[in-house]
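Colleague:
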Amino acid sequence: MSPAKKMKKSDGKPKDPDAKQVVVHLSHSTDDLHAASMALKLARVLRSKGASVHLFVDLEGARVADKRVPGSLGWGPGNATLGQLYDALVEAGGKVLVCPHCAQAAGLDEANLRAGARIGTVDDIGQVLMNADIIMDY
């Protein structure tokens with residue numbers, strides 16, 4: 041890294057201000073454990089490689105951010121559970137943005153959000169998507 045580039049701290053992790061902005065869109069939860077597991081794993085890997093990562097959850101995916109939904113399910117033998125994968129992403133500094141309409145439909149509010157998640161506004165979602173260098177869809 042050249043001396044002209046400065047690192048700044050964000051979410052407790054050093055972050056390059058020129059890091060790729062990645063949105064991983066997840067519209068599944070326990071209805072498709074394979075897709076949910078892959079999205080969470082890949083989001084964490086991208087974060088560990090220095091990307092700024094937003095996990096945008098909508099439709100059934102909003103339930104990944106609901107602490108009332110058991111996180112003990114996983115896809116495939118010997119793999120981490122959805123809860124473990126979610127926690128690893130958040131601990132790595134990933135951000136979780138929940139669709140407000142989908143949260144409402146699922147009965148999800150601030151009181152039952154998992155740590156690291158927030159219910160966004162339509163403007164929040166639009167801004168995150170417009171700032172994205174890469175958008176992945178699961």
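If you count the sequence shown from 1, you need to add 40 to reach my numbering. Note that CB positions come from ideal geometry on N, CA and C, so glycine has one too.
#1: Which same chain residues end up closer than 8 Å to Val109 when comparing Cβ atoms and leaving out the 5 residues on each side of it in sequence?
#2: Here's a check: name, in chain order, each residue in its chain whose Cβ is nearer than 6 Å to the Cβ of Arg154, leaving out the five neighbours to either side.
#3: State the Cα-Cα distance for the pair Gly133 and Ala91, rounded to the nearest angstrom.
#4: By DSSP, does Ser88 sit in helix, in strand, or in coil?
#5: Which residues does DSSP pair with Gly114 in a beta bridge?
#6: So is Val136 buried or exposed if we call it buried at 16+ other beta carbons inside 10 Å?
#7: Mapping DSSP to helix, strand and coil, what is Asp106?
#8: Please work out which residues of its chain come closer than 6 Å, Cβ to Cβ, to Gly101, disregarding the five sequence neighbours upstream and downstream, and give them in chain order.
#9: Residues in the same chain with beta-carbon distance under 7 Å from Ala128, minus the five sequence neighbours each way, listed in chain order, please.
#10: Taking all protein chains shown into account, decide if His94 is buried (16 or more other Cβ within 10 angstroms of its Cβ) or exposed.
#11: Using DSSP with H/G/I as helix, E/B as strand and the rest coil, what is Asp177?
#12: For the beta strand (DSSP E) that Ala157 lies in, which residues bound it at each end?
#13: What is the residue span of the alpha helix (DSSP H) that Leu99 lies within?
#14: Could you tell me which of Asp72, Asp98, Glu150, His74 sits nearest to Val63, measuring between CA atoms?
Modeller: In brief:
#1: Ser69, Thr70, Arg103
#2: Ala105, Lys107
#3: 10 Å
#4: helix
#5: Thr121
#6: buried
#7: strand
#8: Leu66, Ser67, His68, Ser69
#9: Arg84
#10: buried
#11: strand
#12: 157-159
#13: Taken as a continuous stretch (DSSP letters only), Leu99 belongs to no alpha helix (DSSP H), as it is neither H nor E.
#14: Asp98
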